[in-house]
Amino acid sequence: MQESIRKQVKDLLEIKMLIPLFEGGSRLNFLHEEEVEIPLTDARAVEMAVQNVNWQADNEYFDATIEIWVHGKLFYENSTTDAYGTWCGLMYAIEKPGKHTVTFLDSMFDLTIIHETHYTFQYMHTDYVWGDDDVLISRSEKLKTSEPLPKDVVETAIRHGFKQYAAFILENDIPISTAYKQNLRERLAEV
């Protein structure tokens with residue numbers, strides 16, 4: 002893809018994948034004031050990916066966070082314990098017109114992608130108001146909807162994100178299962 006087209010897509014829509022940092026075999030949580038996730042391009046990414054797989058109950062899962070940035074602003078982010086399944090859901094949404102729910106395994110919040118002549122992203126956002134004594138005072142849910150995004154921009158961003166993720170796993174020989182790697186290779190050949 003030409004660099005000018007890639008920049009145009011990135012300026013409008015960017016989909017990033019982050020992997021969690023681990024310490025002593027455990028995933029750092031968001032209560033820390035420090036960085037807890039890093040992009041695949043970070044120098045520590047391979048080491049963290051190996052710990053990610055080693056942390057799992059078996060080598061069929063990979064934790065990650067997916068971020069969707071629209072016009073340079075974070076629109077949506079969510080963690081999943083099944084990065085491959087989430088990427089497959091994103092890829093499926095660009096292959097078939099209609100309304101698609103993308104599952105983020107072990108998360109309460111999914112993403113809806115509406116694929117018509119353009120694309121829109123939707124998710125349910127919950128706002129909480131807490132009292133001084135950490136007692137929940139109120140909660141309200143709001144449906145957040147992105148602006149309509151051009152078909153070619155969304156499809157390019159999703160394919161680029163998936164290719165980056167698949168290449169990272171395969172080229173760095175992350176110790177995930179053989180079946181997982183084979184599925185990635187097959188899916189990558191279709192993109």
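Be aware that the sequence shown starts at 2, since it is given in our numbering, and climbs by one per residue. Cβ coordinates follow ideal geometry from the N, Cα and C atoms, glycine included.
With DSSP as the reference, label D83 as helix, strand or coil.
strand
Could you round the C-beta distance between E38 and L19 to whole angstroms and report it? I think they count as a contact, below 8 Å.
Sure, about 4 Å apart at Cβ, within 8 Å.
How is the alpha helix (DSSP H) around M1 delimited, first residue to last?
Residue 1 is absent from the model: the chain starts at 2 and stops at 192.
The beta strand (DSSP E) enclosing D128, as first and last residue numbers:
120-131
Please list, in chain order, all residues of the same chain as M2 whose beta carbon is under 6 Å from its beta carbon, the five residues on each side excluded.
With a pLDDT of 49 at M2, under the threshold of 50, the modelled position of this residue cannot be trusted; read the value that follows with caution. Cβ within range, chain order: n/a, list empty.
Residue from L137, P151, V192 with nearest C-alpha to F163:
V192
Answer yes or no: do Y124 and T113 have a C-beta to C-beta separation smaller than 8 Å?
yes
Using 8 Å as the threshold, is the C-beta distance between A84 and F110 below it?
no
Give every residue of the same chain whose Cβ lies closer than 8 Å to the Cβ of E61, excluding the five residues on either side of it in the sequence, and list them in chain order.
Counting only residues of its own chain and dropping the five nearest sequence neighbours on each side, E61 has a CB closer than 8 Å to the CB of I177, S178, A180, Y181.
Starting from the C-beta of E117, find all residues in its chain whose C-beta is less than 6 Å away, skip the five residues before and the five after it, and write them out in chain order.
none
Determine the DSSP secondary structure at E15, reduced to helix, strand or coil.
strand
How is I39 classed by DSSP in three states: helix, strand or coil?
Of the three classes helix, strand and coil, the one that applies to I39 here is strand, per DSSP.
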